[in-house]
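*Asks:* Mind having a look at this structure? Questions to follow.
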Amino acid sequence: MADRPVRLAEEFYRELFEMAPQLRAMFPADMSGQMQKMTDTLLAAISHLAETDTAELEALLHRLGADHRTRYGVEAEHYGYIGHALTRAVREVAGPQYTGSLSSSWIALYQWVAAHMTAGAESLDRPEPAAAAPPAEPEPSLPAQRAAPLWSRLRV
């Protein structure tokens with residue numbers, strides 16, 4: 001999939017708007033910039049998840065989740081549509097190379113991305129911690145030893 005990002009983005013948005021036409025109004029008429037952003041985010045997630053330290057990417061995803069909620073009105077239930085559209089797009093673009101293993105890998109990637117974006121959006125509902133309180137250590141969301149075999153299968 002990573003070698004066919006433009007087609008994946010096109011298919012993803014086609015699937016998304018077919019499945020949930022009410023979401024179309026949240027996007028610009030010209031989708032080229034949006035498709036590029038989506039492609040860049042997925043490729044960044046794929047390339048960084050092979051690393052043992054994903055804190056930088058997790059922080060970016062938290063910011064994206066908060067930004068998507070405040071700027072675009074993205075709600076938690078929208079992530080379900082997005083996950084289904086991505087799965088369908090991967091199946092379409094992969095064609096005969098589509099396997100259960102490939103599907104599982106993409107689902108794991110999406111769930112990881114969505115969990116961090118949702119956490120970022122939900123952080124808007126929590127009061128800011130007191131200035132004197134040290135920041136809490138984030139829980140590892142997907143242990144590197146479990147993630148490593150998945151990321152090697154993300155390539156189609």
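Number 100 in full-length UniProt numbering belongs to position 100 of the sequence shown; there are no gaps in the numbering. Idealized CB from N, CA, C, for every residue including glycine. Since the model is a prediction, treat every value here as computed from it, not as a measurement.
Roughly how far, in whole angstroms, is the beta-carbon of Pro-5 from the beta-carbon of Leu-57, given that I think they are within contact range, below 8 Å?
*Replies:* For Pro-5 against Leu-57, the beta-carbon gap comes to about 17 Å, at or over 8 Å, which does not count as contact.
*Asks:* Going along the chain, which unbroken runs of the alpha helix (DSSP H) with 4 or more residues stay wholly within the region 100 to 126?
*Replies:* 100 to 122
*Asks:* Within the chosen definition, does the region 89 to 99 reach the region 20 to 40 through at least 3 CB pairs nearer than 8 Å?
*Replies:* No: the two stretches stay apart, fewer than three of their Cβ pairs being nearer than 8 Å.
*Asks:* Is Glu-75 helix, strand or coil when you go by DSSP?
*Replies:* coil
*Asks:* Considering only the beta carbon of each residue, do Glu-122 and Ala-76 sit closer than 9 Å?
*Replies:* yes
*Asks:* Can you list, in chain order, the residues of its chain whose CB lies under 6 Å from that of Val-74, leaving out five sequence neighbours each side?
*Replies:* His-68
*Asks:* Would a C-beta distance cut-off of 9 Å place Thr-87 and Trp-106 closer than the cut-off?
*Replies:* yes
*Asks:* Taking the C-alpha atoms as reference points, what is the distance between Arg-14 and Tyr-81?
*Replies:* Here the alpha carbons of Tyr-81 and Arg-14 stand approximately 12 Å from one another.
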